[in-house]
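What follows is one structure encoded as structure tokens, with my remarks underneath.
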Amino acid sequence: MFKWGIHDRDPVPEWTRGRVTLLGDAAHPTMPTLAQGGNMAIEDGYVLARNLARHDDNVKAALGAYVAERQPRTRA
Ligand SMILES: Cc1cc2nc3c(=O)[nH]c(=O)nc-3n(C[C@H](O)[C@H](O)[C@H](O)COP(=O)(O)OP(=O)(O)OC[C@H]3O[C@@H](n4cnc5c(N)ncnc54)[C@H](O)[C@@H]3O)c2cc1C
């Protein structure tokens, strides 16, 4: 019970389809040993909300800006 499978993989290229997008572990699962997944999910939520507010009713533009802002950081 103390053996864990910790695996790495390439980043998910597409987060958004239509008006639906991903955040948190669904978009960028983080190894538990990094202890960063929870705060990255909170950052995603903040950036997503900020972009939705900035782009008023243009959800497509808001989701595009959100992904453009978050992917470089979460890929690193
Ligand atoms: C052992 C371990 C240690 C960790 N330590 C840290 C740490 O020290 N610091 C840190 O920042 N992060 C840590 N993390 C990572 C952190 O827990 C996650 O990155 C974070 O919980 C991700 O949040 P999330 O909302 O994206 O996903 P989750 O917290 O997984 O939330 C997803 C939710 O969706 C629900 N769900 C799934 N399918 C459905 C469905 N079909 N319908 C409705 N609901 C559904 C699930 O029940 C769950 O409640 C650790 C993780 C692990 C496993």
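Everything in the sequence shown is counted per numbering that gives the first Met the number 0, starting at 0 for the first residue and increasing by one.
Backbone N, C-alpha and C define an ideal beta-carbon position, used for all residues, glycine too.
Handout entry: Asn57 classed as buried or exposed, judged by whether at least 16 other C-beta atoms fall within 10 angstroms
Key = exposed
Exercise for the section: Could you pull out every residue in the same chain whose Cβ sits closer than 6 Å to the Cβ of Tyr65, ignoring the five residues on either side in sequence? Expected result: Val46, Leu47, Asn50
Problem - Run of the alpha helix (DSSP H) containing Pro28, from where it starts to where it stops - result: No alpha helix (DSSP H) contains Pro28, which DSSP labels as neither H nor E.
Exercise for the section: Specify the secondary structure class of Val66 as computed by DSSP and reduced to three states. Expected result: helix
Handout entry: Rounded separation between Gly44 and His6 - CA only
Key = 25 Å
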